[in-house]
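One structure is given below, encoded as structure tokens.
Residue numbers (the numbering used here): 30 to 382.
The structure is reproduced here in structure tokens:
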């Protein structure tokens, strides 16, 4: 797997852009010694409390209706394993690999802050899994909201145990086989670690972050496609005048107009001299005759479809340069500005759920 940028965890404030950048294929995570010291301190606090015979829910007690049952020290590790196995009862549909990788990143980032009482070994194991491009096959349903994404995150626990199935490189395989191939041994949970793993909202957060990112990309895509159509048809930019849009109490409308003015600022295809201003569809209808109205619509539709298809499928080396139709309707010429759309489509940011 090609190596990308390395991020040091924890990141204390994570924007959507930070999140998307950190989970790209090939990116890697590392944890600094100071962070490991904090993690070790938190883990030692849990062990000290157990040595003092303090009662801690889910650590040395049962869970749910069994919260009054005290678990003997010799069975504490078995309790954590049982918490994972008993909660890993989800089924299809599963979140896609990008969301799952985001879940793994968010869980690592959370545990690396040192407030969860887990061992440094658990954090290192999760980082090894992440750096090898492996992520859990997590059911999309089974969250209890603020109580935690219990069932989906329990399936992440199965991956640590070498059980169940997982993603790697777009395919779903046996977790044990993937770990073995990567040289990673299954993990044995210590006191509190399974509880810390399944309590959290990383699945909800990853899904929401991807939705926001896709919405932002689709917004940029629609603006760029609109700019392309302005040039394709030699449309007038007068409709984008800032004074005109300032008359409406809609900040979003003004933002869109500003973005389009910026994209079309140096266009040589807009504002082309025309003998008369006329609706494009009416123009086509006249050209083909009244009896061929349907064929005229189809012709115009096919022209637009062809132009937009070429626009989206531009070679990668062009990095999504907008292709605009020349006045003669026989040649394609590159516009003066470069945009990122082809790159986004090829990387999959605008596809999938």
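The C-beta atom is built at its ideal place from N, Cα and C for all residues, glycine as well. Everything numeric in this text was worked out from a predicted model, so none of it was measured.
Beta-carbon proximity check, residue i vs residue j, cutoff 9 Å
i           : j           : result
residue 109 : residue 277 : no
residue 152 : residue 140 : yes
residue 244 : residue 270 : no
residue 208 : residue 158 : yes
residue 118 : residue 174 : no
residue 143 : residue 203 : no
residue 211 : residue 163 : yes
residue 156 : residue 64  : no
residue 265 : residue 300 : yes
residue 201 : residue 146 : no
residue 45  : residue 242 : yes
residue 179 : residue 116 : yes
residue 154 : residue 68  : no
residue 235 : residue 48  : yes
residue 233 : residue 263 : no
Burial state of residue i (16 or more Cβ within 10 Å)
i           : result
residue 166 : buried
residue 39  : buried
residue 34  : exposed
residue 260 : buried
residue 120 : exposed
residue 127 : buried
residue 148 : buried
residue 216 : buried
residue 256 : buried
residue 292 : buried
residue 37  : exposed
residue 168 : buried
residue 41  : exposed
residue 247 : exposed
residue 82  : exposed
residue 281 : exposed
residue 129 : buried
residue 268 : exposed
residue 296 : buried
residue 273 : exposed
For residue i: DSSP bridge partner residues
i           : result
residue 230 : None; residue 230 has no bridge partner.
residue 203 : 194
residue 57  : 35
residue 90  : 99
residue 164 : 196
residue 123 : 168
Rounded Cβ spacing between residue i and residue j (contact assumed at less than 8 Å)
i           : j           : result
residue 88  : residue 224 : 7 Å
residue 5   : residue 100 : Beyond the ends of the chain as shown, which are 30 and 382, falls residue 5; an answer cannot be given.
residue 231 : residue 182 : 7 Å
residue 177 : residue 227 : 6 Å
residue 290 : residue 218 : With a Cβ gap of about 57 Å, residue 290 and residue 218 do not count as contacting.
residue 160 : residue 66  : At roughly 21 Å, the Cβ-Cβ gap does not stay under 8 Å, so residue 160 and residue 66 are not in contact.
Residue i beta carbon near the ligand NAD (any heavy atom closer than 8 Å)
i           : result
residue 159 : As presented, the structure is devoid of all ligands, the ligand NAD included, so that no description of it is given.
- Inter-stretch contact (C-beta, 8 Å, three-pair minimum) for the region 130-140 and the region 47-58: The region 130-140, when compared against the region 47-58, does touch it at the 8 Å Cβ threshold.
- Item | Given 8 Å, three or more beta-carbon pairs between the region 91-101 and the region 192-200 | no
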